[in-house]
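Start counting at 1 in the sequence shown, then tack on 9, and there's your number in the working numbering. Note that the Cβ used here is the ideal one computed from N, Cα and C, for glycine as well. What you are looking at is a predicted structure, and each value in this text was computed from that prediction instead of being measured. Down below is the structure, laid out as structure tokens.
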Amino acid sequence: MYQKIKGTEDLYGGEMKYWYWIEERARKLSLLYGFTEIRTPIFEDTKLFVRSVGQDTDIVQKEMYTFEDKGGRSITLRPEGTAPVVRAFVENGLITQGFPQKYFYIGPMFRYERPQSGRQRQFHQFGAEIFGSPSALADAELIAFVDRFLRDIGLVDFEIHINTLGDAEDRANYRQALREYYAQHLENLCDDCKARYERNPLRLLDCKVDVQYAEQAPKLIDYIGDSARKHYEELKSLLDALGIKYVEDPRLVRGLDYYNRTVFEVHHRRLGAMSAIAGGGRYDNLIKEIGGKDVPALGFAAGMERLILAIKAENVHVDDVKINEVYIAHFGGEEVKIEAMKLAQQLRREGIAVNLEIMERGLSAQLKNAARTGAKLCIIIGENEIEQDIVLVKNMETGQQLEFEKDFVVSGIKDLLAELE
Ligand code: HAM
Numbered sequence: 010m011y012q013k014i015k016g017t018e019d020l021y022g023g024e025m026k027y028w029y030w031i032e033e034r035a036r037k038l039s040l041l042y043g044f045t046e047i048r049t050p051i052f053e054d055t056k057l058f059v060r061s062v063g064q065d066t067d068i069v070q071k072e073m074y075t076f077e078d079k080g081g082r083s084i085t086l087r088p089e090g091t092a093p094v095v096r097a098f099v100e101n102g103l104i105t106q107g108f109p110q111k112y113f114y115i116g117p118m119f120r121y122e123r124p125q126s127g128r129q130r131q132f133h134q135f136g137a138e139i140f141g142s143p144s145a146l147a148d149a150e151l152i153a154f155v156d157r158f159l160r161d162i163g164l165v166d167f168e169i170h171i172n173t174l175g176d177a178e179d180r181a182n183y184r185q186a187l188r189e190y191y192a193q194h195l196e197n198l199c200d201d202c203k204a205r206y207e208r209n210p211l212r213l214l215d216c217k218v219d220v221q222y223a224e225q226a227p228k229l230i231d232y233i234g235d236s237a238r239k240h241y242e243e244l245k246s247l248l249d250a251l252g253i254k255y256v257e258d259p260r261l262v263r264g265l266d267y268y269n270r271t272v273f274e275v276h277h278r279r280l281g282a283m284s285a286i287a288g289g290g291r292y293d294n295l296i297k298e299i300g301g302k303d304v305p306a307l308g309f310a311a312g313m314e315r316l317i318l319a320i321k322a323e324n325v326h327v328d329d330v331k332i333n334e335v336y337i338a339h340f341g342g343e344e345v346k347i348e349a350m351k352l353a354q355q356l357r358r359e360g361i362a363v364n365l366e367i368m369e370r371g372l373s374a375q376l377k378n379a380a381r382t383g384a385k386l387c388i389i390i391g392e393n394e395i396e397q398d399i400v401l402v403k404n405m406e407t408g409q410q411l412e413f414e415k416d417f418v419v420s421g422i423k424d425l426l427a428e429l430e
């Protein structure tokens, strides 16, 4: 027997309604907000991620699924969606087609992390990117979009954390200050932090072990220049004006290197350790960095599996997927089978979900199957019914059986289903 790879999931059955629920709302809302869909390949040139996500990040250092293909190229399964979308934007010349441009995507991502509840090696993101606007208005629109999306799928118990990382030189100064401060504590730091001190000092603030040092550390906000500070103030006042609640989180730095200025993360209060259901921010230098022009940009991504955990934690009512309203049972010769098939097609054309018996079992086995698959009504057709130009319709809940003349069966079924709604 084969087993699925650790950290992956098979999705089917009763779980699918959550995926439909979220994906339908994500698509609809994206279009309402002026985002169009972009689908990029699941694998890319490894260098794309090293360059954009950052050589010293956990993702690049430890988490990428990288392999050599048969042509000797280094390929990586995408660990996130932003770098591929930026690559596509530059490569396909979209960059010359006027601004802003807004794209969304839904799809699988891959990270070699230790699996636990809310953390897989293959997971799925719904994300969106905005290209071209340097304005705080774009940041506010994006955060408003995320807030609206989370509410649309039924969530209320979440917190939007925001921070500003300032501009490149602000961060360089701050990195220097952090190194000086942490130098005194270096011996006492955990191994991860010792490595972070060398490679990526901003991430020292993120450590779950050495929390006490982070509390006393210099504050990023004290190193932010005037222009980035003004941008941040404007974002906050726009969010205030829109009535969107947020928490300022001066230690929020995010795990990817491409960010500048605004960063944000949404945490769900009922999710424990893996509580980040979405994250994003501005990345004004990335497009230039990977071969394009100087185009400001920003975006976010939400983790679908975590959204589902949050929906369950909040007991959100999620509609069942309509797969089997009517079961058609039949028994008899060729003529009966054809009649049953024709009726199935006719009902489906009317938008009614129909399961047609295709196993050619005895009637009682068919009725059992109708019940097992959750049909609301079961149509029964045999030689007698064909002779009399009628069909029998059984209400699966009450057991009540009705007779319809063939010409009225579609309208009759529609009425019955409407009553059962
Ligand atoms: P990220 O914070 O790395 O950002 O991921 C976004 C979300 O994906 C997280 O908040 C989490 O919900 C989900 N996620 C990440 N890793 C896992 C995992 N191993 N298992 C389950 N869920 C996970 C990005 O990926 C950026 N590209 C977001 C962005 C778009 N920034 C600008 N534009």
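For residue i: DSSP bridge partner residues
| i | result |
| --- | --- |
| Met-434 | Examination of residue 434 is not possible in this model, given that the chain is present from 10 through 430 alone. |
| Val-402 | Ile-388 and Leu-411 |
| His-194 | According to DSSP, which records beta bridges pairwise, His-194 is partnered with nothing at all. |
| Thr-85 | Glu-53 and Thr-75 |
| Gln-125 | Arg-128 |
| His-276 | Glu-168 and Ala-285 |
Nearest-angstrom Cβ-Cβ length linking residue i and residue j, presumed shorter than 8 angstroms
| i | j | result |
| --- | --- | --- |
| Glu-334 | Leu-386 | 7 angstroms |
| Gln-193 | Glu-18 | Not confirmed; about 45 angstroms, so no contact. |
| Ile-337 | Glu-359 | Not confirmed; about 14 angstroms, so no contact. |
| Arg-120 | Glu-72 | 4 angstroms |
| Leu-164 | Arg-184 | Going by Cβ atoms, the distance from Leu-164 to Arg-184 rounds to 35 angstroms, so no, they are not a contact pair. |
| Pro-259 | Ile-230 | 5 angstroms |
| Ala-223 | Leu-213 | 7 angstroms |
| Gly-63 | Tyr-191 | No, Gly-63 and Tyr-191 are not in contact; Cβ-Cβ is about 20 angstroms, not under 8 angstroms. |
| Glu-412 | Leu-401 | 6 angstroms |
| Glu-6 | Phe-167 | No statement about residue 6 is possible, as the shown extent of the chain runs from 10 to 430 and does not include it. |
| Gly-264 | Thr-66 | 6 angstroms |
For residue i, the three-state DSSP class (helix, strand or coil)
| i | result |
| --- | --- |
| Gln-410 | strand |
| Asn-269 | strand |
| His-326 | coil |
| Tyr-21 | coil |
| Leu-365 | strand |
| Lys-111 | strand |
| Val-218 | coil |
| Ile-47 | coil |
| Ile-296 | helix |
| Ile-139 | strand |
| Ala-237 | helix |
| Val-59 | helix |
| Gln-185 | helix |
| Lys-245 | helix |
| Lys-302 | coil |
| Gln-397 | helix |
| Lys-26 | helix |
| Tyr-11 | coil |
| Gln-225 | helix |
| Tyr-232 | helix |
| Ile-332 | coil |
| Arg-36 | helix |
| Asp-179 | helix |
| Arg-441 | Lying outside 10 to 430, the shown extent of the chain, residue 441 is not represented and no answer is given. |
| Leu-318 | helix |
Extent of the continuous alpha helix (DSSP H) run through residue i
| i | result |
| --- | --- |
| Glu-72 | Looking at the DSSP string, Glu-72 is not in any alpha helix (DSSP H), and its letter there is neither H nor E. |
| Val-345 | 343-358 |
| Ile-253 | Premise fails: Ile-253 is in no alpha helix (DSSP H) and is neither H nor E. |
| Ala-147 | 145-161 |
| Gly-421 | 418-429 |
| Ser-373 | 372-381 |
| Thr-105 | Element bounds for Thr-105: n/a, residue is neither H nor E. |
| Asp-2 | What the structure shows of the chain is the stretch from 10 to 430, and residue 2 is not part of that stretch, so it cannot be assessed. |
| Ala-97 | 91-100 |
Unbroken beta strand (DSSP E) run spanning residue i, endpoints
| i | result |
| --- | --- |
| Leu-307 | 306-312 |
| Thr-173 | 167-173 |
| Phe-340 | 335-340 |
| Ala-287 | 285-291 |
Residue i: CB within 6 angstroms of a non-hydrogen atom of ligand 3
| i | result |
| --- | --- |
| Ala-153 | Judged by which ligands are present, ligand 3 is missing from the structure shown, whose ligands are ligand 1. |
Item checked: Touch test, the region 132-143 against the region 89-98, Cβ-Cβ under 8 angstroms, three pairs minimum -> yes
Check: Would the region 318-327 and the region 15-35 be scored as touching if the rule is three or more Cβ pairs under 8 angstroms?
Finding: yes
Note to self: Quick check: the region 306-320 against the region 276-293, are at least 3 beta-carbon pairs closer than 8 angstroms?
What the structure shows: yes
Notebook entry, point to check: Counting pairs of beta carbons, one from the region 147-166 and one from the region 209-219, are three or more of them closer than 8 angstroms?
Noted result: no
Check: So does the region 420-430 actually touch the region 379-397, counting three or more Cβ pairs closer than 8 angstroms?
Finding: yes
Next item on the list: Give a yes or no on contact between the region 241-260 and the region 170-177, applying the rule of three or more CB pairs nearer than 8 angstroms.
Entry: yes
Checklist line | Cβ contact (3+ pairs, closer than 8 angstroms) linking the region 176-185 and the region 247-260 | finding: no
Notebook entry, point to check: If we count Cβ pairs, one from each stretch, closer than 8 angstroms, do we get three or more for the region 103-119 versus the region 38-47?
Noted result: yes
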